[in-house]
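Single-structure report; data block below.
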Amino acid sequence: MQRIVSLTDTRAQEFRTNDVHNRRLAAELRERQQAARFARPERDLERLRRQNKMFVRDRIQALLDPGTPFLELSTLAGNKAYDNEVPGAAQVVGIGIVSGREVIVHADDASVKGGAWYPLSVKKIVRALDVAIENRLPVVHLCDSAGGFLPLQAEFFADRYYAGRIFRNQSILSKMGVPQVAVVMGHCTAGGAYVPALSDYNIIVRGTGAIFLAGPPLVKAATGEEVSVEELGGADMHTSVSGTGDYFASSEMHALAIARDIVARFNRIPKAAVDHVAPEPPAYDPSELYGIIPKDPRVQFDMREIVARLADGSRFHEYQPRYGETLVCGFARLHGYQIGILANNGVLFSDSALKGAHFIQLCDKNRTPLLFLQNITGFMVGREYERRGITKDGAKLIMAVSGAAVPKLTVNCNGSYGAGTYGMSGRAFDPRFMFTWPQSQISVMGAEQAAGVLTDIKAKQLARNGERLSEPQLAAIREPILEDYRERSSAYYATSELWDDGILDPVDTRNALAIALSAALNAPIEAPHYGVFRM
Amino acid sequence: MFHKFDLGGVTHELWLAPTVNGYHLHILDGWSGPVAFAEEAAGHGSLTVAGTSKAVAFAVDGDVIHIHMRGRTRSLRYVDPLRALASVDGDDGHNVARAPMPGTVVALKVVPGDAVTAGTVLVVIESMKLETQIRASQDGIVERLHVKDGDSFDRDAILVTLSQGN
């Protein structure tokens, strides 16, 4: 396979300006992640110590095999919600190695609001279990939640993908033969009681762990019965009387040791067979990505420069290099796995869309996972393009993206707009994992365009009554729209709302994608089949 | 979670991680680096730590490995986390041996003051025409026998109390 020859001049002024800018963004990301993981009011940490409970990060560290990577997902979920008072949406989710097996870890963070479930907490848990279902990953739940945050119950209880979905997903996992272990390290009340109950295995920690449909205060209110936590749903009762609990643990560390022992005897399911060779680092230094990603997101850059810093040996076998050039397609290797890459080098035209649809089917036929590198403003618009069928060609690309059976991974490298988001395997198209770079934006159209369209509509409405908008009136309409777009199209907003699985420092992307791909191959890959392509 | 090893009464927490170039040893809050072992003959081999190789002789006896290296012999005992972490602070349910079913005492196998390890037979009981051995669930010292030969008892009756041995 041919090595990409980089045309980047690492001594150019522009490179240095970008480098400074992007390193600053990466540092800001690390700071925000650090805060979401560890910054807690002292009284909350003190309460955990008093209760003889470990901090959630220490629990996870003790659970995992030492020296192995942990790919944390959606670290910054909720960072733009609830006045930023619920870091990580009070949940820690990630892919890690326990007793030599890849598992999804889902842990309540009791240092945040007692581990209460907010709407975004529920969304994060449901997503974690979707990841488990799609990739057939066993789950370890570390349960320590005060229960649903009741003032916001209308936003997490009744709908299809709300809290009930957690228990539905747990049941589906069990039906699929994908095992789950729950470690009860705090109270599991009401809905939360079903997390351990629906896990194939559960462990309760003496003293701090408890499971009940209603806690002692609610029982007293409902029936007048006075009962202690221990009597009502403690470790001793559940493991010796009710059979709701399987294993009695004398401490959290004991419980984690039991959990590791349980995971150690899970069957090892062979992974999906895809082409794999010995891995090789990229020939170009991935840290050069900082100098390549433009400071001004509107500046075009060659995605091959990105591929050269992600792929093994910087080798890239480009497919149809002379056709549909705004969509770069080709084969590469990522930590030894063969992958097919689709990367945007400009707006999508009919030929780029056709090339993309064709390449996806090619990869699907030869069992090659797909990586989408988004930098897409959308499909080309205008009379000429409509006459040549830009919409039906875009539909072909979307049909191919939706139908592909091989795992898809998506990274929003700079921007993702409109139907371009759909054609490039956006969140709605079930990529197994979706990541974002710190400066990336995502929205239905650009802020300027949206403001223009909306002010134009308003002006036309008024014109019918013979009125006209003055320049200050136009600005008064335009400015709030621009502001709203700037705020709600940022990577931080996207990740806050779980539109992705997390923001990545560009230099970490190669490793994150490799872990994601390795996890994705736990699920068998279906035979290729598609819907009707509009020809 | 690291593996625990006991070396002369001191616990060391270690983890051996496989890598593309052999093994990597991690010591909790301490050194980590590449290690390799080549067994040259039964009980003899060469241990390489961070590029330096040393000849070692070893013998494995259950959870204990005796290692002779650099003129000294040391014994390293693997500490099973399930056992070591179970009930270290002692509670009613765990430092007593209870009757699993109603029956009578056939034989007492220990006397107060005996040091026992997990698995030691404490009492033999007869119930439902079967003899059952009641064993210690953890290490400790026999504090008190609650029954004597020929006594009958109900299910869940306490037969022996153990105290945490020091």
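As you go down the protein sequences, you meet chains G and F in turn. If you read the first sequence in this note's numbering, its first letter stands for residue 1, the second for the next number, and so on. If you read the second sequence in this note's numbering, its first letter stands for residue 1001, the second for the next number, and so on. Glycine residues also receive a C-beta, built at the ideal position from the N, C-alpha and C atoms. Please read these numbers as outputs of a predicted model, since none were measured by experiment.
- The stretch 430-441 of chain G and the stretch 398-414 of chain G touch, with three or more beta-carbon pairs separated by less than 8 Å.
- For residue 293 (chain G), there is no enclosing beta strand (DSSP E), since its DSSP letter is neither H nor E.
- Boundaries of the beta strand (DSSP E) around residue 417 (chain G): 408-417.
- For a Cβ distance threshold of 7 Å, residue set 1082 of chain F lies close to residue 261 (chain G), ordered along the chain.
- Inter-residue distance for residue 349 (chain G) and residue 385 (chain G) is about 8 Å (C-alpha atoms, whole angstroms).
- At a beta-carbon threshold of 9 Å, the residues of chain G lying near residue 1024 (chain F) are 67, ordered along the chain.
- The count of Cβ pairs closer than 8 Å, one atom from the stretch 436-445 of chain G and one from the stretch 24-37 of chain G, reaches three, so the stretches are in contact.
- Across the stretch 249-276 of chain G, CB contacts with chain F closer than 7 Å involve 250, 251, 253, 254, 256, 257, 258, 260, 261, in sequence order along the chain.
- For residue 13 (chain G), the enclosing alpha helix (DSSP H) covers residues 13-38.
- In terms of Cβ geometry, residue 146 (chain G) and residue 191 (chain G) do not form a close pair [threshold 8 Å].
- G:306 is the residue among G:471, G:306, G:268, G:200 whose C-alpha sits nearest the C-alpha of residue 510 (chain G).
- Using a Cβ-Cβ cut-off of 9 Å, residue 1017 (chain F) is close to 65, 66, 67, 68 of chain G, given in chain order.
- Listed along the chain, the chain F residues whose CB falls inside 7 Å of the CB of residue 62 (chain G) are 1001.
- In the displayed model, residue 379 (chain G) falls within a strand according to three-state DSSP.
- Of the residues G:337, G:296, G:454, the one whose Cα lies closest to the Cα of residue 278 (chain G) is G:337.
- Taking all protein chains shown into account, residue 78 (chain G) has 16 or more neighbouring C-beta atoms within 10 Å of its C-beta and is therefore buried.
- For residue 41 (chain G), the three-state secondary structure derived from DSSP is coil.
- Taking 8 Å as the threshold, the shortest C-beta distance from residue 1085 (chain F) to chain G falls below it.
- For the pair residue 3 (chain G) and residue 313 (chain G), the CB atoms are nearer than the 8 Å cut-off.
- Around the Cβ of residue 267 (chain G), a 10 Å sphere holds fewer than 16 other Cβ atoms; the residue is exposed.
- Residue 63 (chain G) places its beta carbon less than 8 Å from that of residue 259 (chain G).
- Residue 206 (chain G) counts as buried, since no fewer than 16 other beta carbons sit within 10 angstroms of its beta carbon.
- Just measuring C-alpha positions, the residue of G:59, G:109, G:5, G:528 sitting nearest residue 39 (chain G) is G:109.
- The Cβ atoms of residue 419 (chain G) and residue 394 (chain G) sit closer than 8 Å to each other.
- Under the 10 Å beta carbon count, residue 1044 (chain F) is surrounded by fewer than 16 other beta carbons and is classified as exposed.
- If you check the CB distance, residue 1144 (chain F) and residue 1118 (chain F) do not come in under 8 Å.
- For secondary structure counted as the alpha helix (DSSP H) over 4 or more consecutive residues, the stretch 306-338 of chain G holds no complete run.
- Using a Cβ distance threshold of 8 Å, residue 519 (chain G) and residue 150 (chain G) do not count as a contacting pair.
- In the DSSP assignment, residue 164 (chain G) falls outside any beta strand (DSSP E) and lies within the alpha helix (DSSP H) extending over 164-176.
- Residue range 441-443 is occupied by the beta strand (DSSP E) that includes residue 441 (chain G).
- By the C-beta density criterion, residue 535 (chain G) is exposed, having fewer than 16 other C-beta atoms within 10 angstroms.
- In the structure shown, residue 84 (chain G) falls within a helical segment according to DSSP collapsed to helix, strand and coil.
- With distances taken between CA atoms, residue 296 (chain G) lies nearest to G:17 out of G:17, G:11, G:60, G:506.
- Of F:1125, F:1036, F:1017, F:1021, the smallest CA-CA separation from residue 1028 (chain F) is found for F:1017.
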